[in-house]
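Working notes, structure below.
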Amino acid sequence: MNRFATTPLVQAKLRQEALASYAALGMLVCILLPLFGMVGDLVWQAAPSLTWQFLTTAPTHGMREGGVRPAFIGTLYLVTISLAVATPIGVLAAVYLTEYAQDTWFNRAVNIAVLNLAGVPSIVHALFGLGAFVYAAQLGYSILSASLTLAIMTMPVIIASTREALLSVPRSYREACWNLGASRWQTIRAIVLPNALSGILTGVILQVSRAAGETAPIMFTGAVFYKAIQPGTLLPYALDEQCMALSMHLYTLSTQTPGVAASIPNATAVLLLGLVFLVNSAAIGLRTFLRSRGK
Amino acid sequence: MNAIETCQLSLWYGTFQALKGITLEVEQGGITALIGPSGCGKTTLLRCCNRINERIPSVRTTGEIQILGKNIYDADVSLLELRKLAGMVFQRPNPLPMSIYENIVFGMRLHAPPEERTRAVLDQAVEKALTGTGLWDDLKDKLHTPAISLQLEQQQKLCIARLLPLQPEIILMDEPCAALDIAGTESIEQLIRSWKGVYTTLIVTHNMAQARRVSSHSAFMLSGELVENGLTEPLFTQPKDPRTAEYVSGHLA
Ligand SMILES: Nc1ncnc2c1ncn2[C@@H]1O[C@H](COP(=O)(O)OP(=O)(O)O)[C@@H](O)[C@H]1O
Ligand SMILES: [Mg+2]
């Protein structure tokens with residue numbers, strides 16, 4: 001007698017199994033189709049404008065022709081400066097919260113506040129930036145104001161993700177260090193930060209796309225529809241000037257400029273996507289490298 | 001002369017009292033075993049000796065611990081120097097996520113000024129520490145491989161070896177053989193016995209036979225209290241306290 005024969009109960013389980021796996025696969029397709037469809041359509045529509053000149057020339061004829069160089073460089077400025085400000089402050093704040101702060105009600109409240117701040121809509125950050133940097137700090141409508149606003153917007157997320165990364169470093173590593181007479185800072189420098197680095201990096205990189213993509217915070221504080229910059233220079237903007245930016249440019253092209261060929265806003269969007277894709281890939285590469293070196 | 005003397009040492013985790021007025025003397029250069037059932041406070045007592053417990057926020061301590069004649073709760077005691085002098089070995093080997101070589105010189109990098117940390121000095125310290133723990137012959141050709149890749153026994157010996165360049169006086173061991181097999185246990189015990197007169201060793205163990213094999217003195221703890229302590233053999237063969245007798249006979253039977 002076969003004691004391992006398929007009983008009706010087993011058949012029912014197999015049916016459930018099949019159903020569950022097909023349902024999950026179906027959902028995946030439901031997500032991927034629109035995603036690939038959207039990106040594919042974007043690139044297809046953008047194709048006529050996707051040339052090297054698009055990246056290296058300024059818009060002409062009231063944005064209806066030419067490229068996006070000032071906006072592209074403006075976005076590079078904003079992303080670089082905002083993250084250069086937000087990363088060290090955010091990482092050190094997270095280090096304080098996880099490694100130094102005692103478990104008091106005040107510090108618990110700060111942790112919760114940080115998580116909540118991470119969810120504040122960008123338009124609120126925009127208003128805050130306008131009041132704080134443009135007016136109160138008298139930085140005016142400038143790259144500096146816009147970058148600082150983006151920094152304020154990204155910082156809570158950087159703090160939260162850095163905290164996660166720090167907490168995932170095993171306590172036994174810390175104890176091993178303390179027991180050799182390492183101070184807290186020596187422990188953080190030598191063991192905690194290096195082992196949390198790839199996690200911290202991931203958190204920061206995710207904020208690149210947010211800083212590059214948000215429109216409201218920079219529109220309120222330092223981005224303009226159009227600004228002529230010197231051709232050929234590498235750093236054409238001064239920090240107290242206003243600048244163009246890709247996200248803002250996309251908004252302008254799509255809503256404020258009649259009669260633009262569809263390929264131009266699409267190509268701008270492709271450029272924005274490409275930029276984010278490039279940074280993310282670089283980050284993944286760097287992370288893989290860091291992990292392999294740690295082993 | 002005693003290396004460690006605790007006097008009416010009590011410790012609370014929040015409201016839970018884990019140590020109740022412990023008064024214990026640990027002979028300098030000797031090997032003292034700390035025995036008792038799980039949860040009786042052995043680890044806690046051990047971790048008081050270099051004040052590493054205070055990294056847990058809710059901990060409160062009263063009483064005194066004299067180490068080498070100095071009360072370590074005095075305001076003028078540097079915790080970093082104390083921990084350098086009283087190193088700890090854990091139940092699970094915890095090598096740092098770096099190479100074997102870097103694990104051993106890690107302590108020197110923390111404490112020695114840069115001009116004293118020349119390549120030659122570090123190399124020599126590594127050789128000495130690994131020789132002292134019987135690892136040199138096996139590991140001398142792969143000093144720059146990650147420490148995590150070693151077998152558990154070698155990892156545990158490495159964790160011992162990395163204490164040595166700091167020239168500790170006291171070595172605190174928390175069930176150092178709990179994760180090892182018989183051969184590993186034997187070779188660590190041999191190492192501990194060789195420390196007699198060199199380092200003061202305080203070793204927590206679950207294994208009564210081990211306590212008898214390695215230690216000259218033993219202390220028996222029960223629910224946070226020190227029940228009995230003294231020379232190892234009399235403590236096992238003619239215990240004065242009935243609770244000790246019960247525990248020891250239960251474990252030897
Ligand atoms: N971090 C802590 N917080 C609260 N209670 C603890 C902590 N560590 C240990 N304890 C408690 O203190 C008692 C003694 O623990 P421990 O010293 O680890 O015992 P042993 O090492 O003898 O098994 C146990 O009851 C344990 O639950
Ligand atoms: Mg224990």
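Heads up: the sequence lines are chains A and B, in that order. Reminder that position 111 of the first sequence reads as 111 in this note's numbering, one-by-one numbering, no gaps. Reminder that position 238 of the second sequence reads as 238 in this note's numbering, one-by-one numbering, no gaps. Glycine residues also receive a C-beta, built at the ideal position from the N, C-alpha and C atoms.
- When secondary structure is reduced to three states using DSSP, S58 (chain B) falls in the coil class, being assigned neither helix nor strand.
- In this structure, K20 (chain B) has its CB at a distance of at least 7 Å from all heavy atoms of ligand 1.
- Selection B:L180, B:M173 and B:E25 evaluated against I67 (chain B) yields B:E25 as nearest (Cα-Cα).
- In terms of side-chain proximity, the C-beta atom of E169 (chain B) is found no nearer than 7 Å to any non-hydrogen atom of ligand 2.
- Linking P93 (chain B) to V276 (chain A) through their CA atoms gives a straight-line distance of about 43 Å.
- Residue pairing by DSSP puts N2 (chain B) in a beta bridge opposite B:E27.
- V114 (chain A): member of the alpha helix (DSSP H) spanning W105 to L117, first to last residue.
- A direct Cα-Cα distance of roughly 30 Å separates G129 (chain A) from S198 (chain A).
- Taking a beta-carbon distance threshold of 8 Å, N107 (chain A) does not count as an interface residue toward chain B.
- Scanning its chain for C-beta atoms nearer than 6 Å, with the 5 sequence neighbours on each side dropped, one finds around T62 (chain B) the residues S10, in chain order.
- Setting aside the 5 residues that flank it on each side, H125 (chain A) is surrounded in the same chain by T149, I152, M153 and P217, each with a C-beta closer than 7 Å to its C-beta; the list follows chain order.
- In the displayed model, H217 (chain B) falls within a strand according to three-state DSSP.
- For T255 (chain A), no beta strand (DSSP E) run applies, since DSSP gives it neither H nor E.
- Using beta-carbon distances, N229 (chain B) does not count as an interface residue toward chain A, since no partner is under 8 Å.
- Look at T15 (chain B) here: in three-state DSSP terms it is coil, with no helix or strand label.
- Considering only beta carbons, the part of the stretch 89-121 of chain B lying closer than 8 Å to chain A consists of F90, R92, N94, P95, L96, P97, F106, G107, R109, L110 and H111, in chain order.
- Proximity to L290 (chain A) across B:K84, B:D74, B:F16 and B:M98 peaks at B:M98, based on C-alpha coordinates.
- In the DSSP assignment, L226 (chain B) falls within the beta strand (DSSP E) that extends over E225 to L231.
- Taking CB atoms only, G36 (chain B) has no neighbour in chain A less than 8 Å away.
- Close to N50 (chain B), with beta-carbon spacing below 8 Å, are these residues of chain A in chain order: N179.
- In the three-state reduction of the DSSP assignment, M98 (chain B) falls in the coil class.
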